[in-house]
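So the sequence lines, in the order shown, correspond to chains A and B. Just so you know, we're using the working numbering here: the first sequence kicks off at 33 and counts up by one. Just so you know, we're using the working numbering here: the second sequence kicks off at 20 and counts up by one. Reading through the structure tokens given below for one structure.
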Amino acid sequence: MAMELHHTFTVDAPPEATWALLTDLEQVGGCFPGATVTSATETEFTGNVKVKLGPIGVTYQGEGRFVERDDEAHRAVIEGLGKGLRGLGNASAKVVLQLEPEGSGTKADVATSLNITGKPAQFGRGVMQTVSDKLLGQFVECIEGKLTP
Amino acid sequence: MTAVDDRPQAASTHEVGRDRRRKEDQRLITGRTKWTDNLVLPGMLHLAMVRSPLAHARITGIDATAAREAPGVIAVLTGEDVKDLQGSLPCAWPITEDQKAPPHPAIAVDRVAFSGEVVAVVAARSSAAARDAAELVDVDYEDLPAALELRASAQDETLAHPDLGTNRSATWVFDSAEAGTGSDVEDAIAEADVVVEREFRQQRLIPAFMEPRSTVVDPTGEQFVMWSATQVPHILRLMLAMTLGVDEGKIRVIAPDVGGGFGGKLQVTPEEIITFLVARHTGKPCKWTETRSESLLSAHHGRDQWQKLTLAAKADGTVTGLKVELLADMGAYLGLVTPGVPILGAFMYNSIYKFPAYHFSCTNVFTNKTWTDAYRGAGRPEATFAIERIMDELALELGRDPMEVREQNWITHEEFPFTTVCGLEYDSGNYEAATERAKELFGYDELRAEQQRRRESGDRVQLGLGISTFTEMCGLAPSRVLGSLNYGAGGWEHASVRMLPTGKVEVITGSSAHGQGHETAWSQIVADQLGVPFEDVEVLHGDTQISHKGLDTYGSRSLVVGGQAVINAAKKVIEKAKPLAAYQLEANVDDLEFSDGKFTVKGAGADQEGVGLAGLALAVFAAHDLPDGMEPSLDADATFDPVNFSFPHGTHLCAMEVDTETGATTMRSYVCVDDIGNVVNPLIVEGQVHGGLVQGIAQALWEEAVYDDQGTLVSGSFVDYTLPTTADTITFVTDRTTSPATSNDLGVKGVGEAGCIASTPAVVNAVLDAIRQFGVKDIVMPCTPERVWRAIQDGTAGAMSETAGAAAGHFAEGEPNQDPPGTGAAPAAGTTQEGGQA
Numbered sequence: 033m034a035m036e037l038h039h040t041f042t043v044d045a046p047p048e049a050t051w052a053l054l055t056d057l058e059q060v061g062g063c064f065p066g067a068t069v070t071s072a073t074e075t076e077f078t079g080n081v082k083v084k085l086g087p088i089g090v091t092y093q094g095e096g097r098f099v100e101r102d103d104e105a106h107r108a109v110i111e112g113l114g115k116g117l118r119g120l121g122n123a124s125a126k127v128v129l130q131l132e133p134e135g136s137g138t139k140a141d142v143a144t145s146l147n148i149t150g151k152p153a154q155f156g157r158g159v160m161q162t163v164s165d166k167l168l169g170q171f172v173e174c175i176e177g178k179l180t181p
Numbered sequence: 020m021t022a023v024d025d026r027p028q029a030a031s032t033h034e035v036g037r038d039r040r041r042k043e044d045q046r047l048i049t050g051r052t053k054w055t056d057n058l059v060l061p062g063m064l065h066l067a068m069v070r071s072p073l074a075h076a077r078i079t080g081i082d083a084t085a086a087r088e089a090p091g092v093i094a095v096l097t098g099e100d101v102k103d104l105q106g107s108l109p110c111a112w113p114i115t116e117d118q119k120a121p122p123h124p125a126i127a128v129d130r131v132a133f134s135g136e137v138v139a140v141v142a143a144r145s146s147a148a149a150r151d152a153a154e155l156v157d158v159d160y161e162d163l164p165a166a167l168e169l170r171a172s173a174q175d176e177t178l179a180h181p182d183l184g185t186n187r188s189a190t191w192v193f194d195s196a197e198a199g200t201g202s203d204v205e206d207a208i209a210e211a212d213v214v215v216e217r218e219f220r221q222q223r224l225i226p227a228f229m230e231p232r233s234t235v236v237d238p239t240g241e242q243f244v245m246w247s248a249t250q251v252p253h254i255l256r257l258m259l260a261m262t263l264g265v266d267e268g269k270i271r272v273i274a275p276d277v278g279g280g281f282g283g284k285l286q287v288t289p290e291e292i293i294t295f296l297v298a299r300h301t302g303k304p305c306k307w308t309e310t311r312s313e314s315l316l317s318a319h320h321g322r323d324q325w326q327k328l329t330l331a332a333k334a335d336g337t338v339t340g341l342k343v344e345l346l347a348d349m350g351a352y353l354g355l356v357t358p359g360v361p362i363l364g365a366f367m368y369n370s371i372y373k374f375p376a377y378h379f380s381c382t383n384v385f386t387n388k389t390w391t392d393a394y395r396g397a398g399r400p401e402a403t404f405a406i407e408r409i410m411d412e413l414a415l416e417l418g419r420d421p422m423e424v425r426e427q428n429w430i431t432h433e434e435f436p437f438t439t440v441c442g443l444e445y446d447s448g449n450y451e452a453a454t455e456r457a458k459e460l461f462g463y464d465e466l467r468a469e470q471q472r473r474r475e476s477g478d479r480v481q482l483g484l485g486i487s488t489f490t491e492m493c494g495l496a497p498s499r500v501l502g503s504l505n506y507g508a509g510g511w512e513h514a515s516v517r518m519l520p521t522g523k524v525e526v527i528t529g530s531s532a533h534g535q536g537h538e539t540a541w542s543q544i545v546a547d548q549l550g551v552p553f554e555d556v557e558v559l560h561g562d563t564q565i566s567h568k569g570l571d572t573y574g575s576r577s578l579v580v581g582g583q584a585v586i587n588a589a590k591k592v593i594e595k596a597k598p599l600a601a602y603q604l605e606a607n608v609d610d611l612e613f614s615d616g617k618f619t620v621k622g623a624g625a626d627q628e629g630v631g632l633a634g635l636a637l638a639v640f641a642a643h644d645l646p647d648g649m650e651p652s653l654d655a656d657a658t659f660d661p662v663n664f665s666f667p668h669g670t671h672l673c674a675m676e677v678d679t680e681t682g683a684t685t686m687r688s689y690v691c692v693d694d695i696g697n698v699v700n701p702l703i704v705e706g707q708v709h710g711g712l713v714q715g716i717a718q719a720l721w722e723e724a725v726y727d728d729q730g731t732l733v734s735g736s737f738v739d740y741t742l743p744t745t746a747d748t749i750t751f752v753t754d755r756t757t758s759p760a761t762s763n764d765l766g767v768k769g770v771g772e773a774g775c776i777a778s779t780p781a782v783v784n785a786v787l788d789a790i791r792q793f794g795v796k797d798i799v800m801p802c803t804p805e806r807v808w809r810a811i812q813d814g815t816a817g818a819m820s821e822t823a824g825a826a827a828g829h830f831a832e833g834e835p836n837q838d839p840p841g842t843g844a845a846p847a848a849g850t851t852q853e854g855g856q857a
């Protein structure tokens, strides 16, 4: 199953600070619900993420890297590839992140192309949008917590 | 009723024709019986399969360490472990000399070609332990592009098997001009007044039998014993021997009670091979039973074709030619009869109509999906659907009643036996009689009038009438014909009749019942043949050590082929008993006659006692006083090879109501009048017809195997694969007309697939008939409310009449958000559109 997810959120912090945080893979990973970053460099990270999609619970183990990163324009493209444990199929994602100033804060635009195979695709397709919206909500909350002292 | 059966009656018929309750049902219904999964053997291990979640990928590594160390695990085998032992799964029907096919491993070795393919197997002390450990097998895959959509795959856009170099497996052609059975179809098309060309889609279906597949293999003892939920124990035994290189004599296959198959268990499965291999590897009895998800995902699927038909006709409606071009989706591999399934339909597109010219071609195409194979009707439902849909289209083109156009073109009852443009000889039939009865039961004219009223009043709920005047070829099959089609086996059937000393009778049949009620029907037949009570007949089947020879059950063959073998064996018993009867009666053999289980002397009066078969059986058992040279046995075997197919036919009429606002469809009435020749047990026939109807209606309205763009089966549970229940159906009106078959003693024709073959086009024709006035030309099956609604929307983008002024205030000019006049206007009804190609 291939799907496109689109989210925007705003945080009450200037673009530079937001960019610094969002490109710190270890910190960002820590904010994603269910995710653990096991190692991270400037450009790459490995880790795992546990998600529950309706009746299916799946842990993806994988790696990701910056394919593009423009610190001036605040635009980044990240690719990730995860293998579902227990034979549950693979997931791959391409995330395009773009930050824009908005008032005194920052508006972040996140476009994700997601490919999922196996049981999560079979049973999870009906709930994918809802689940991702919810996860992003928690993610933003965490990011905001880190940006506003 | 409609034809005279002037052949002599072989025996008095007390049992044949009775609606006997099925003798097997008590044990089946109460569960006091043996299904494969009920078997428990000492020291038995349980298997769980590790399956690929990807449609097409290279296997780059398998780490089974954690699985091997898990509690209760005895063995984990991968493709690498068995690659030199597993052989290649058999395909018994290579349709052309140059057919291309990849090897078909039971366990994938270095590449998987569909989502659900087995990559490893775990054997453990319990089923739960095996499943838990299967999840610990860590498989690394490297994704490969997957060939998924049939038409794109036929163009080789992506290769399902890169080593083959193409997705096209074979192209099979029949041409009536080349075969000398008819004229040239291209000439017919060139000279036609009317040419109707349509393309239809046969969606992919899943057989969805009730009992999931299960296999047990016991490797202890002199023979390997395999119990399997299969339709084909005899074929399975032979194929196991040929695939694994084990002596056939060292393999015994048992199909205990089997809970349905519909063609879905006409297969030699990877899991059967794997269970055998693991049992041999561990030296322990092993059992594998699938989950419903595994069944939907990996048991073979059915249908899945694109059908392009070109029909040529004269202006007066007389058909002059038919050209059929098919693309058939094989899925990832060729199973037992995969490539032959569309070919079984090749001779049926002309159906009951007198086409003078015919051309059929089918290209079989590989994709990275579960492989397809036989599913109830196998090729003939596809043919019937297409021809019955296009006959409606022809009527539409001519502006005539669809029944009238059919009647103009069908074979009339005086014309039987009739040799078709495919060279088949239809032995008997009466399409007029079946149609007349069906129209009467349906109230055809009255419903047409109601349809007209509803159209005129603009009723929200519109009514449509659908017709299917079908025939099919079944009773598979004359061995010579199968040989000419390059099929790997014959089509005969075997039976034995054993006379026990107590006068009871054992019947051994090579047919392998899996819900059809053979035990009852065969008992009725033998009771009449031998004049013994129904209760005294015991029918044995499904164990290759008891029934050592047979070709099993599929293609509506059991009664017309297997039943005839039983009759032939019973007749031999009577012949063998005759010398002893003559000896006891002190009469000449030629002066004896046999009826009601008794030999009597011709002309010796009605009050003579005669000698009964039971008494003779006891005398033979004792063998104290037999005629000189007589072998002390009355038992007899027979193998029957049919000379022709059986051609049941019938007229099915369906009335559908369509809610034009929601697209919801409701079946109002369904009438079918089938001509299946004489009937052994009307109750069993009724069951077959009802079940078949529901399966065919389900294709029209509900069922579809859906894959996503990654090749994941998303309709892999009964939540998404919408199999109907009785709550979804209505009470059917069924009746029969009778034109006895001339190809067997009973005058019977196969009925196992008839309902499923006939009903689909009747329903779709009815749905379309209800909403054609909206400009709808086709709806791709299944006709779900969404597709019907979209078809209506796409057809007219609105209602067929102007919205009443008072209700349309918000559309008035000057109201906010109104498009400029004209841009949103509805196109006129009849505008060409891609109606409902959802």
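Quick reminder that beta carbons are idealized off the backbone N, C-alpha and C, glycines included. Computed from a prediction, not measured in an experiment: that's the story for all the values here.
In the DSSP assignment, TYR377/B falls within the unbroken beta strand (DSSP E) covering 377–385. For ALA153/B, there is no enclosing beta strand (DSSP E); the residue is found in the alpha helix (DSSP H) stretching over 146–153. Classified as buried, ARG232/B has 16 or more neighbouring CB atoms from the shown chains inside 10 Å of its CB. Relative to GLY121/A, the option among ALA74/B, ALA86/B and VAL101/B whose CA is nearest is ALA74/B.
DSSP places ILE273/B in the uninterrupted beta strand (DSSP E) bounded by 270–273. Per DSSP, reduced to three states, the secondary structure at THR681/B is coil, with no helix or strand assignment.
Within the DSSP secondary-structure output, VAL480/B pairs in a beta bridge with ASP678/B. Taking a cut-off of 8 Å on C-beta distances, the region 250–260 of chain B does not touch the region 212–224 of chain B, as fewer than three cross pairs fall below it.
With 16 or more other Cβ atoms inside 10 Å of its own Cβ, VAL141/B counts as buried. The residue among GLN543/B, SER566/B and THR563/B with its C-alpha nearest the C-alpha of VAL556/B is GLN543/B. The region 277–296 of chain B and the region 62–72 of chain B touch, with three or more beta-carbon pairs separated by less than 8 Å. Chain A places a beta carbon closer than 7 Å to that of GLN729/B, counting this residue as a contact.
CA-CA distance, GLY682/B to ALA546/B, rounds to 53 Å. The residues LYS327 and SER380, in chain order, have a CB closer than 6 Å to that of GLU344/B in the same chain once the five nearest residues on each side in sequence are set aside. As the crow flies, the alpha-carbon of ALA72/A is around 27 Å from that of GLY137/A. With its beta carbon at least 7 Å from every one in chain A, PRO304/B lies outside the interface. Measuring C-alpha to C-alpha distances from ASP562/B to each of TRP246/B, THR761/B, GLY280/B and ASP678/B identifies TRP246/B as the nearest.
In this structure, DSSP gives CYS174/A a helical state, which the three-state scheme calls helix.
The continuous alpha helix (DSSP H) containing LEU259/B extends over residues 252–263.
If you draw a straight line from the Cα of ASP100/B to the Cα of ASP56/A, it comes to about 45 Å. PRO47/A carries a helical assignment under DSSP once its states are collapsed to helix, strand and coil. Shown here for LEU129/A: same chain residues with a beta carbon closer than 6 Å to its own, the five before and five after excluded, namely ALA108 and VAL142 in chain order. If one requires a minimum length of 3 residues, the beta strand (DSSP E) runs lying completely within the region 67–111 of chain B are 76–82 and 92–97, in chain order.
The continuous beta strand (DSSP E) containing GLN324/B extends over residues 321–332. Among the CB atoms of chain B, one or more fall inside 7 Å of the CB of GLN154/A.
LYS306/B and MET63/B have their C-alpha atoms spaced approximately 7 Å apart. By the Cβ-count criterion, GLY536/B is buried, with 16 or more other Cβ atoms from all chains shown falling within 10 Å of its own Cβ.
Boundaries of the alpha helix (DSSP H) harbouring ILE811/B: 804–815, taken from the DSSP string. Against GLY150/A, the close residues of chain B are PRO72, LEU73, SER134 and THR731, in the order they occur along the chain (beta-carbon pairs closer than 8 Å). Between TRP54/B and ASP237/B, the beta carbon gap of about 16 Å keeps them out of contact (Cβ cut-off 8 Å). Among the CB atoms of chain B, none fall inside 7 Å of the CB of GLY96/A. Ranking ARG87/B, ALA132/B and ALA334/B by CA distance to the CA of ARG144/B puts ARG87/B first.
Taking 7 Å as the CB threshold, GLU313/B stays off the interface with chain A.
In this structure, the CA atom of LEU296/B is about 13 Å from the CA atom of THR239/B. At a cut-off of 7 Å between C-beta atoms, GLY582/B does not count as an interface residue with respect to chain A.
Look at VAL69/B: its C-beta is under 7 Å from a C-beta on chain A.
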